[in-house]
């Protein structure tokens with residue numbers, strides 16, 4: 002009896018040992034792999050800026066041989082914060098750019114520490130900027146935009162980051178020869194709609210220069226339509242927002258610059274009426290296929306996915322939904 006019990010106990014221990022060792026070996030192997038990759042891609046910081054909402058923008062030298070598609074992401078490590086933590090961030094630079102850029106919003110302990118270290122280094126000119134390493138690039142849902150001639154990009158808050166790279170890539174393609182002849186961008190795209198929804202006016206600082214650049218490059222072709230929505234202000238037509246709407250419209254008519262975002266992209270108030278947006282696209286692109294790409298909270302993602310299915314049943318336009326992990 003005792004020997005049988007001992008044998009059973011030993012067998013159980015061996016099974017438990019296997020269940021523990023294999024995951025640990027996989028974890029250690031993954032960490033070793035990232036350490037080796039980080040040595041190859043230790044990135045030189047060319048510029049760093051901090052913005053409202055505790056957002057950190059990093060502009061880095063592009064490592065030799067580093068190739069990627071718009072919409073991809075990289076894992077980032079800051080050894081002064083943690084040698085073992087790697088976090089994913091969408092690239093906000095375009096593949097043709099001579100640098101890499103990312104935008105990091107402080108949403109957890111690691112990102113807060115990274116933000117604080119860079120903020121302090123930028124404030125004190127005698128301090129060196131922290132070092133960062135990257136691992137990647139890795140594919141994401143938004144890189145599938147190249148499969149469509151018409152795309153709808155929807156980003157909430159910092160969820161706009163993967164689409165900034167896409168917009169820059171499209172704008173860069175408009176400069177290439179051949180667009181005027183066939184009314185297609187270099188990757189076959191005919192039309193891109195970008196909706197950015199944010200609660201804080203200061204958020205528009207994050208991508209202000211990029212949106213100005215994209216607007217300037219697309220001024221003749223009209224391939225890209227951008228819409229900013231500020232949810233902390235009541236919608237147009239509401240008595241509580243009449244004055245600011247009037248001032249905004251007058252300033253935009255005179256100068257072509259929106260007083261809210263300080264870009265050529267007009268800011269709308271409250272949230273988009275998504276059924277109206279989708280119905281408008283269905284009427285404009287009858288019988289065509291539209292790639293819908295979303296990055297933001299899951300609740301709205303589920304609503305948009307259901308709306309795509311509903312539109313597919315009721316119209317001749319096909320909406321194909323893609324959800325980016327947020």
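Residue numbers (our numbering): 2 to 327. Glycine included, each C-beta is placed from N, C-alpha and C at the ideal position.
Assignment of beta-bridge partners to residue 296 by DSSP yields 156 and 325. Contact annotation: the region 278-298 touches the region 151-158, with at least three C-beta pairs closer than 8 angstroms. If the five residues before and after residue 74 are omitted, its C-beta is found closer than 8 angstroms to the C-beta atoms of 89, 90, 91, 92, 137, 138, 139, 141 and 163, all from its own chain and listed in chain order. Per DSSP, the continuous alpha helix (DSSP H) segment holding residue 112 begins and ends at 110-124.
The region 128-136 and the region 164-178 do not touch, with fewer than three beta-carbon pairs separated by less than 8 angstroms. The three-state secondary structure of residue 197, taken from DSSP, is strand. Residue state for residue 85 is assigned as coil, using DSSP reduced to three classes. Of the residues assessed, residue 103 falls on the buried side of the cut-off, its CB having 16 or more other CB atoms within 10 angstroms.
DSSP lists 88 and 135 as the beta-bridge partner residues of residue 77. Per DSSP, the unbroken alpha helix (DSSP H) holding residue 169 starts and ends at 162-175.
At the C-beta level, residue 146 and residue 302 stay beyond 8 angstroms of one another. Distance between residue 63 and residue 119, taken at the CA atoms: about 20 angstroms.
Residues of the same chain with a CB within less than 8 angstroms of the CB of residue 209, apart from the 5 flanking positions on each side, are 262, 263 and 264 in chain order.
Residues of the same chain with a CB within less than 6 angstroms of the CB of residue 107, apart from the 5 flanking positions on each side, are 55, 113 and 116 in chain order. Leaving aside the five residues that flank residue 60 on each side, the residues in its chain whose CB is nearer than 6 angstroms to its CB run, in chain order, 47, 48, 100 and 102. If you draw a straight line from the Cα of residue 222 to the Cα of residue 176, it is about 10 angstroms long. Shown here, residue 285 sits in a helix according to DSSP, grouped into three states. Ranking 206, 247, 257 and 190 by CA distance to the CA of residue 217 puts 257 first. The Cβ atoms of residue 53 and residue 203 lie closer than 8 angstroms to each other. In the three-state reduction of the DSSP assignment, residue 107 falls in the coil class. Here residue 248 is exposed: its Cβ has fewer than 16 other Cβ atoms, across all protein chains shown, within 10 Å.
The beta carbons of residue 266 and residue 229 sit about 5 angstroms from each other, so the pair counts as a contact at 8 angstroms. Shown here for residue 319: same chain residues with a beta carbon closer than 8 angstroms to its own, the five before and five after excluded, namely 289, 290, 291 and 313 in chain order.
A Cβ-Cβ distance of about 6 angstroms is found for the pair residue 272 and residue 198, placing them in contact under the 8 angstroms criterion.
By DSSP's assignment, residue 56 forms a beta bridge with 52 and 106. DSSP places residue 225 in the uninterrupted beta strand (DSSP E) bounded by 225-231.
DSSP, read as helix, strand or coil, puts residue 101 in strand.
Of the other Cβ atoms in all chains shown, 16 or more fall within 10 Å of the Cβ of residue 165; this residue is therefore buried.
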